[in-house]
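Structure first, commentary second.
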Amino acid sequence: MVLAILYCPLVRAEEQLPPPITVVAGFLQLSPEQVAALLTIMQTRDAALQPIAAKLHANQEALGKLVESPDANPAAVGRLLLDIRAAQKQAETIARDAGAAFERNLTPEQRDRLQFVRQAAQIEPVIPAFRAVGLLP
């Protein structure tokens with residue numbers, strides 16, 4: 437009875453999670469504390485990425501308008517391209533750091549499972565070809 441009472445809040449908490457989080461938590465067998473850490477890391481990452489994404493969008497629009505204008509200033513185009521690339525690198529760093537922060541919360545077995553998924557993601561693009569030739573169901 438005590439276990440049932442303790443288990444119910446965990447079930448309700450998991451039901452409120454977005455499906456991708458639920459799948460990741462289940463596959464990696466995350467503890468409730470690890471799920472909470474993942475959510476915090478994701479929120480922090482998204483908050484850091486939001487202004488960068490807005491700046492990227494604005495710069496890409498400005499670049500598009502500038503390139504289409506008949507008297508495009510090459511220096512301005514170059515500056516925008518450099519700004520866009522710098523923002524992309526900044527976003528990549530934030531995403532990579534968030535992934536590393538999450539990975540530090542994992543047990544060795546969970547890290548192995550994560551590595552398995554990363555390896556599977558690398559071969560995912562070739563799976564349709566293997567299916568097409570009948571080598572996979």
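Numbers in this note's numbering are just positions in the sequence shown, counted from 1, shifted up by 436.
Virtual Cβ for every residue (Gly too), placed ideally from N, Cα, C.
These figures come from a predicted structure and were not determined experimentally.
Open item on the list: Looking at chain C, is there any beta carbon in it that lies within less than 9 Å of the beta carbon of Arg549?
Closed with: Protein chains in the displayed structure number just one, and chain C is not present.
Open item on the list: Can you give me the C-alpha to C-alpha distance between Ala536 and Pro506, rounded to a whole angstrom?
Closed with: 46 Å
Open item on the list: So, with DSSP's three-state summary, where would you put Leu571?
Closed with: coil
Open item on the list: Assuming Asn495 is part of the alpha helix (DSSP H), what are its boundary residues?
Closed with: Pro468 to Glu504
- [ ] Kindly indicate which three-state DSSP category Asn541 falls into: helix, strand or coil?
- [x] coil
- [ ] Label Ala568 either buried or exposed according to how many other C-beta atoms from any shown protein chain fall within 10 Å of its C-beta, with 16 as the threshold for buried.
- [x] exposed
Task: Residue range of the unbroken alpha helix (DSSP H) whose run includes Leu464 - done: Pro455 to Leu464
Task: Reduced DSSP secondary structure (H/G/I, E/B, other) of Phe552 - done: helix
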